[in-house]
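Working notes for the structure below.
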Amino acid sequence: MLLLTSTSDALVESGSVSGFLSVVHFLSSVFAVCTSAMIMFLLTRAISTKRMKDREQGLRDRYQEYLADFISIPIKDQLSSMGVSQTISGLTKSDITKSSNRLILLDELYNLHQQLGGYQAEMLKQLFWGWGMQEETISNLKSRSDVLKIKSLDIIMGLDMKDQLTSVAQLIDSNHKDVRSQAMACFVALSDGSFEFLKEIPDPLTNWERHKILDAMAKLKERGQIDFDHWAFQLPQHTLFIQELRENLQPQLAHYTAWLEETIKI
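Residue numbers (the working numbering): 1 to 266.
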């Protein structure tokens with residue numbers, strides 16, 4: 001009887017161990033499959049990302065080559081007279097029409113525009129309008145991406161797109177501080193020095209907002225014609241800031257009197 005009982009217990013125990021080992025084997029197989037799938041996914045993603053980066057870099061190189069050739073067109077005749085040939089690299093239809101490509105084209109076009117001046121900058125500006133790049137710029141103002149909004153505001157300000165003043169004003173109350181400060185600077189630039197937007201801002205501006213506005217106003221050609229007294233009267237809550245702008249943009253000798261007396265001693 002004892003022998004039969006021991007044998008029965010051993011069989012039961014053996015069956016339990018066998019079942020446990022089966023579960024472990026199954027879980028190990030599932031883990032191995034999941035691990036292999038994850039490794040394959042990461043490898044595929046890495047390869048895809050590299051291909052995408054290579055494609056984007058190739059596209060940027062073509063855009064840069066095209067734009068560099070484009071702005072040198074006016075000297076083509078002079079080069080020909082010296083025996084130097086000039087070719088214009090071509091772009092495909094998708095390079096100009098595909099939405100993802102146009103975002104890269106917009107980036108390259110404006111980056112080059114910022115580095116140039118005179119007729120070359122004007123040529124790129126005409127190319128910007130000719131390709132309808134303003135559509136991407138305006139669309140990006142409504143994007144969820146704050147980075148795209150800031151870039152668009154920078155482009156709108158740099159290309160003096162005054163027709164977008166209303167859209168720019170709507171971003172002045174943005175929750176994102178950089179979007180808000182860039183919108184303020186853009187509004188000032190497009191409106192040739194108007195502080196109308198400050199009427200809706202009861203609180204003092206941050207140092208960064210003040211800096212952005214000052215930087216934008218310093219680039220205005222007619223900044224000397226701004227009536228600071230008028231704005232100080234209209235915006236009493238921002239009188240100190242407006243006075244600060246006046247001292248920086250329209251400095252008077254009295255502004256430096258204390259400094260002169262302190263530094264120039266006989």
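Beta carbons: idealized from backbone N, C-alpha and C, even for Gly.
Self-check item: Alpha carbon of Phe195 to alpha carbon of Arg180, nearest angstrom
Solution: 15 Å
Self-check item: Pairwise C-alpha distance: Leu116 and Leu124
Solution: 9 Å
Exercise. Just tell me which of Leu148, Leu249 and His230 has its CA closest to the CA of His211.
Key: Leu249
Self-check item: Own chain, CB closer than 6 Å to Thr239, minus 5 neighbours either side, in chain order
Solution: Ala232
Quiz prompt | Which of helix, strand or coil DSSP assigns to Gly144 | solution = Checking the sequence, you will find Arg at residue 144 rather than Gly. Residue state, collapsed to three classes: coil.
Exercise. Write down the C-beta distance between Ile172 and Ala185 rounded to the nearest angstrom, noting that I regard them as a contact closer than 8 Å.
Key: About 10 Å separates the two Cβ atoms, so there is no contact after all.
Quiz item: Which residues bound the alpha helix (DSSP H) around Ser181?
Solution: Lys177 to Leu190
Quiz item: Got a sec? Which residues, its chain only, sit under 7 Å from Val84 by beta carbon, not counting five neighbours each side?
Solution: For Val84, the predicted structure reports a pLDDT of 41, less than 50, and the residue's modelled location is therefore unreliable. The matter cannot be settled from this model.
Exercise. Return the first residue and the last residue of the alpha helix (DSSP H) that Leu103 is part of.
Key: Ser99 to Gln115
Quiz item: Looking only at C-alpha atoms, which of Ser94, Lys177 and Met157 sits nearest to Tyr110?
Solution: Met157
Practice problem: Compute the beta-carbon to beta-carbon distance between Ile213 and Val188, rounded to the nearest angstrom, for a pair I have assumed lies under 8 Å. | Solution: 6 Å
Self-check item: Sub-8 Å separation of Ile96 and Trp131 beta-carbons
Solution: For Ile96 and Trp131, yes; Cβs fall inside 8 Å.
Exercise. Find out if the Cβ-Cβ distance for the pair Asp178, Asp229 is shorter than 8 Å.
Key: Result no, Cβ atoms of Asp178 and Asp229 do not sit closer than 8 Å.
Quiz prompt | Assumed close pair Gly193, Leu153 - CB separation to whole angstroms, cut-off 8 Å | solution = No, Gly193 and Leu153 are not in contact; Cβ-Cβ is about 17 Å, not under 8 Å.
Practice problem: In angstroms with no decimal places, state the Cα-to-Cα distance between Ile88 and Leu67. | Solution: Here the model assigns Ile88 a pLDDT of 45, short of 50, so the residue's position is not dependable and the matter cannot be decided.
Quiz item: If we call anything under 8 Å between Cβ atoms a contact, is Gln243 one with Pro202?
Solution: no
Quiz item: Could you check where the alpha helix (DSSP H) with Glu196 kicks off and where it finishes?
Solution: Note, Glu196: premise wrong, no alpha helix (DSSP H); not H, not E.
Self-check item: Reference Asn175; option with closest CA among Arg144, Asp163 and Leu190
Solution: Arg144
Self-check item: Met82 classed as buried or exposed, judged by whether at least 16 other C-beta atoms fall within 10 angstroms
Solution: Below a pLDDT of 50, predicted positions are generally treated as unreliable, and Met82, at 42, falls in that range; no measurement from the model is reported.
Quiz prompt | Cβ-Cβ separation, Ser167 to Ile138 (assumed contact under 8 Å), whole Å | solution = Correct: roughly 7 Å between the Cβ atoms.
Quiz item: In chain order, what residues of the same chain lie with their CB nearer than 7 Å to the CB of Ile155, ignoring the 5 residues before and after it?
Solution: Tyr110 and Thr137
Self-check item: Spatial distance of Glu135 from Gln170 (CA atoms)
Solution: 18 Å
Quiz item: Who are the near neighbours of Leu2 in its chain, counting only those whose CB is closer than 7 Å to its CB and skipping five residues on each side?
Solution: At Leu2 the pLDDT is 43, less than 50, meaning the model places this residue with poor confidence and gives no usable figure here.
Exercise. My understanding is that Asn101 touches Leu127, with C-beta atoms under 8 Å, so please give their C-beta distance in whole angstroms.
Key: The pair is not a contact, with the Cβ atoms about 15 Å apart (cut-off 8 Å).
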